Amino acid sequence: MNLGLAIVRPPGDDALVSLAIRHSRESDRPCLVLESDRLASTRTYIANDHVELNGIPIDSVIFRSHPADILSRGFSAEDAEYASAEASSVWLHILSHPGIHVINRFDEVTWWCTSDWAVWRHRFLTEGIELSPVVIGDGVDDENHIWWLWTGGRTATPPSPIRRKMATALVRSVNPTYTLICAGQTISGPQLLDQESAMHLLEVYGVVLAGLYGDDERRIIAATALPDISMSVAPRVFTLLKRRWQVQK
Amino acid sequence: VSSIALVGDPADLANAYMGWLAGQRGIGVVTLDESRLGDDWSYKSDERCNGVTLTVGERAMSLSDITGAFVRLNPRPDMPPGLELSPIEEVVYLRERRNGLVAFLNAAPWILVNRPYAGRSNGSKPMHMAQLARSGFAMPKWIVVSDRNRAAEFIARSPNGCIYKSCSGLRSHVRIADEALLERLDRPTTPLILQHYVPGHDVRVHTVGETCIASRVDSSAVDYRFDAAGTAYSAVTPPPEISQSCILFAKLSGLVLAGFDFRVDSRSRWWCLEANPVPTFLPYEAGTGQPIGDRVLDSMAPSSARPVTRSRLATSGITPT
Numbered sequence: 020m021n022l023g024l025a026i027v028r029p030p031g032d033d034a035l036v037s038l039a040i041r042h043s044r045e046s047d048r049p050c051l052v053l054e055s056d057r058l059a060s061t062r063t064y065i066a067n068d069h070v071e072l073n074g075i076p077i078d079s080v081i082f083r084s085h086p087a088d089i090l091s092r093g094f095s096a097e098d099a100e101y102a103s104a105e106a107s108s109v110w111l112h113i114l115s116h117p118g119i120h121v122i123n124r125f126d127e128v129t130w131w132c133t134s135d136w137a138v139w140r141h142r143f144l145t146e147g148i149e150l151s152p153v154v155i156g157d158g159v160d161d162e163n164h165i166w167w168l169w170t171g172g173r174t175a176t177p178p179s180p181i182r183r184k185m186a187t188a189l190v191r192s193v194n195p196t197y198t199l200i201c202a203g204q205t206i207s208g209p210q211l212l213d214q215e216s217a218m219h220l221l222e223v224y225g226v227v228l229a230g231l232y233g234d235d236e237r238r239i240i241a242a243t244a245l246p247d248i249s250m251s252v253a254p255r256v257f258t259l260l261k262r263r264w265q266v267q268k
Numbered sequence: 005v006s007s008i009a010l011v012g013d014p015a016d017l018a019n020a021y022m023g024w025l026a027g028q029r030g031i032g033v034v035t036l037d038e039s040r041l042g043d044d045w046s047y048k049s050d051e052r053c054n055g056v057t058l059t060v061g062e063r064a065m066s067l068s069d070i071t072g073a074f075v076r077l078n079p080r081p082d083m084p085p086g087l088e089l090s091p092i093e094e095v096v097y098l099r100e101r102r103n104g105l106v107a108f109l110n111a112a113p114w115i116l117v118n119r120p121y122a123g124r125s126n127g128s129k130p131m132h133m134a135q136l137a138r139s140g141f142a143m144p145k146w147i148v149v150s151d152r153n154r155a156a157e158f159i160a161r162s163p164n165g166c167i168y169k170s171c172s173g174l175r176s177h178v179r180i181a182d183e184a185l186l187e188r189l190d191r192p193t194t195p196l197i198l199q200h201y202v203p204g205h206d207v208r209v210h211t212v213g214e215t216c217i218a219s220r221v222d223s224s225a226v227d228y229r230f231d232a233a234g235t236a237y238s239a240v241t242p243p244p245e246i247s248q249s250c251i252l253f254a255k256l257s258g259l260v261l262a263g264f265d266f267r268v269d270s271r272s273r274w275w276c277l278e279a280n281p282v283p284t285f286l287p288y289e290a291g292t293g294q295p296i297g298d299r300v301l302d303s304m305a306p307s308s309a310r311p312v313t314r315s316r317l318a319t320s321g322i323t324p325t
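Sequence order for the protein chains is A and B. Each number in my numbering comes from the position in the first sequence (counting from 1) with 19 added on. Each number in my numbering comes from the position in the second sequence (counting from 1) with 4 added on.
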């Protein structure tokens, strides 16, 4: 039986999703395109290794939405939070299911944490991967540092009382770099120190597509499993991912 | 003299109890209230806690002054007093502070009950139950479903009917699957878990490190947590293979303290339902007299461990609600 592919499309444009949809239309494989903000109302049936969405049995997923996104558009304001939490729980199960091919696989820690880069840093540190140092709290008073928000984004170092109250993470790098990696290859950006080890660890967790931020000395600052992908590099990324899936199957 | 830290929400009942119990046993207590971070206490460190400075009140502390920490984080923590932000800014503020606290706890060289990243699969019941099954626990058959026909087929094939419950970690009632549920599934709705009902009684197994403490719960309710009237608690000894499986699962999940829920059928078969990474152990301790809190204290302050056999909570006459 030819099992289907589910593509979860985030709000807005996504170059990788657009390519995957176009490609799926040219193949005879069933393809289901789901809007991420409506995942809560997807007709679902999961029993052991059988996963069926809107009546289509699937064995592969491309997921390009953020775990913390609202998934319950169409539900009443009263029910939306609950519905979103329920859908999120079901999708974590699908995305961690050993029988489903997933780009990218998520685990329970990166899924529930509002700061996936902090999780990856913790894992990298545990593995002894060389990282750019981060100071937490009111540790430095230095204009060479930037505030790397736990929840994403970067801004100027805040004043001391804020650093104390929010346990801010400060990074000594004013112009961080961005490296896109996919299936063991660097797609764009500079090669970083210990990058091979970081890529290997990401793959252990099922993450083949990731973004790495580096400091002025090419040390890794942070990683994300939901990297931005520009239209110019999307075809190469898609080709590599397709090849990887064919090998896995 | 050992000291432990109480981290997160000091108003949490289990947190307050652990503080009281530590005081009874002469163990020092340092309160690290999340909502008072930056006011009553603060820290600065790298992620390995090199050169860390922990300041509590006016006092600078060494991390080695503390051996363990009991962590209870409120899902909706308070803002610090006097800080006024817009609702959106508040959300960001609270998330930032929580992640900073988690980074500190990840690095702290303490015995944490429990580490923030441990046992997170419980937030997705389907994922969690699949993990438990892979670990060798017998699980009542279950499906995830939002399709009426599939649900009706599953219920029809179950020998004793089904219960249904939410998929997320949000606290919700377990109920008997009935016609009203099927009617609900006629309309677009979120998926839920349908599971074979196991007639019998409940058992909560708490593991604290290598120790296993089991409490039997007899109740006529489908979900005794929400319908406590007539609920009776008693100590019970689980089969050795169940104890071993619970201890191993907790260890592999990084949990010092875990609470496993079982249904035990008329043939004495133990069916696992879930493993809670933030178990509310007070009702079981109060109901059975089993000194679960003392075992937790022993794990956090090993040099102050004592052979306590009877819970102070049970003898105090206090009823946790």
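Cβ atoms here follow ideal geometry from the backbone N, Cα and C, with glycine treated the same way. Source: prediction; values computed, not measured.
Neighbour flag for residue 109 of chain A against chain B, beta carbons, 7 Å:
yes
Residue nearest to residue 74 of chain B in terms of C-alpha spacing, selected from B:132, B:150, B:8 and B:270:
B:8
Short CB-CB distance (under 7 Å) between residue 21 of chain B and chain A
no
So with Cβ pairs under 7 Å, would you call residue 9 of chain B a contact of chain A?
Not flagged as an interface residue toward chain A: residue 9 of chain B, since no C-beta distance is shorter than 7 Å.
In the DSSP assignment, find the alpha helix (DSSP H) that holds residue 45 of chain B and state where it starts and stops.
No alpha helix (DSSP H) holds residue 45 of chain B; the beta strand (DSSP E) holding it covers 45-49.
Closer than 9 Å, Cβ to any Cβ of chain A: which residues of the region 102-118 of chain B, in chain order?
102, 103, 104, 105, 106, 107, 108, 110 and 111
In chain order, what are the residue ranges of uninterrupted alpha helix (DSSP H) at least 4 long that sit wholly in the region 234-287 of chain B?
244-256
Helix, strand or coil: how does DSSP classify residue 254 of chain A here?
The DSSP-derived three-state label of residue 254 of chain A is helix.
When DSSP labels each residue in this structure, what does residue 131 of chain B get in the three-state scheme?
helix
Got a sec? Which residues, its chain only, sit under 7 Å from residue 230 of chain B by beta carbon, not counting five neighbours each side?
177
Quick check on this structure: which residue in A:190, A:226, A:232 and A:223 has the alpha carbon closest to the alpha carbon of residue 208 of chain A?
Each of A:190, A:226, A:232 and A:223 was checked against the Cα of residue 208 of chain A, and the nearest Cα belongs to A:232.
Can you tell which of A:139, A:170 and A:74 has the C-alpha that lies nearest to the C-alpha of residue 97 of chain B?
A:170
Are the beta-carbon atoms belonging to residue 24 of chain A and residue 76 of chain A less than 7 Å from one another?
Not a contact, by the Cβ cut-off of 7 Å.
For residue 204 of chain A, three-class secondary structure by DSSP:
strand
Quick one: which residues of the region 140-157 of chain B get their C-beta closer than 7 Å to a C-beta of chain A? List them in chain order.
147, 148, 149, 150, 151 and 154
So is residue 166 of chain B in contact with chain A if we call contact Cβ pairs under 7 Å?
no
If the criterion is Cβ atoms closer than 7 Å, does the pair residue 201 of chain B and residue 166 of chain B meet it?
It is a contact, given that the beta carbons lie within the stated cut-off.
For the putative contact between residue 150 of chain A and residue 106 of chain A, defined by C-beta atoms under 8 Å, what is the C-beta separation to the nearest angstrom?
So it is not a contact: roughly 34 Å between Cβ atoms.
Taking the CB atoms as reference points, tell me whether residue 212 of chain B and residue 261 of chain B lie closer together than 7 Å.
yes
Measure from the C-beta of residue 42 of chain B to each C-beta in chain A and report whether the shortest distance is under 7 Å.
yes
Contacts around residue 277 of chain B, its chain only, beta-carbon distance under 7 Å, and the 5 residues preceding and following it disregarded:
Closer than 7 Å at the Cβ level, and outside the excluded window around residue 277 of chain B, lie 265, 266 and 267.
Exposed or buried, which one is residue 72 of chain B when buried takes at least 16 other CB atoms within 10 Å?
buried
If you measure between the beta carbons of residue 305 of chain B and residue 90 of chain B, is that distance less than 7 Å?
no
Quick one, which residues of the region 138-170 of chain A are near chain B if we go by CB-CB under 8 Å, in chain order?
138, 140, 141, 144, 152, 153, 154, 155, 156, 157, 158, 168, 169 and 170
Nearest chain B C-beta to residue 184 of chain A closer than 7 Å, yes or no?
yes
Give me the residue from A:184, A:35 and A:264 with the minimum Cα distance to residue 36 of chain B.
It is A:184 whose Cα lies nearest to the Cα of residue 36 of chain B.
When the Cα atoms are used, what is the spatial distance from residue 88 of chain B to residue 43 of chain B?
15 Å
Can you check DSSP and say which residues form a bridge with residue 37 of chain B?
B:12
Per DSSP, the bridge partner or partners of residue 76 of chain B
Residue 76 of chain B is bridged to B:12.
Residue span of the alpha helix (DSSP H) that contains residue 22 of chain B, given as start and end:
Judged by DSSP secondary structure, residue 22 of chain B falls within the alpha helix (DSSP H) whose first and last residues are 17-28.
Of the choices B:128, B:192 and B:156, whose alpha-carbon is the least far from that of residue 175 of chain B?
B:128
Between the region 50-71 of chain A and chain B, which residues of the former have CB atoms less than 7 Å from a CB of the latter, in chain order?
59, 60, 62, 63, 64, 65 and 66
Taking the beta carbon of residue 135 of chain B as the centre, do at least 16 other beta carbons fall within 10 Å, making it buried, or is it exposed?
buried
Could you tell me whether any Cβ in chain A is nearer than 7 Å to the Cβ of residue 169 of chain B?
no
Give the straight-line distance between the Cα atoms of residue 258 of chain B and residue 183 of chain B, rounded to the nearest whole angstrom.
Straight-line Cα distance between these residues: approximately 41 Å.
With a cut-off of 8 Å on the beta carbons, I'd call residue 260 of chain A and residue 227 of chain A a contact; round off their distance for me.
7 Å
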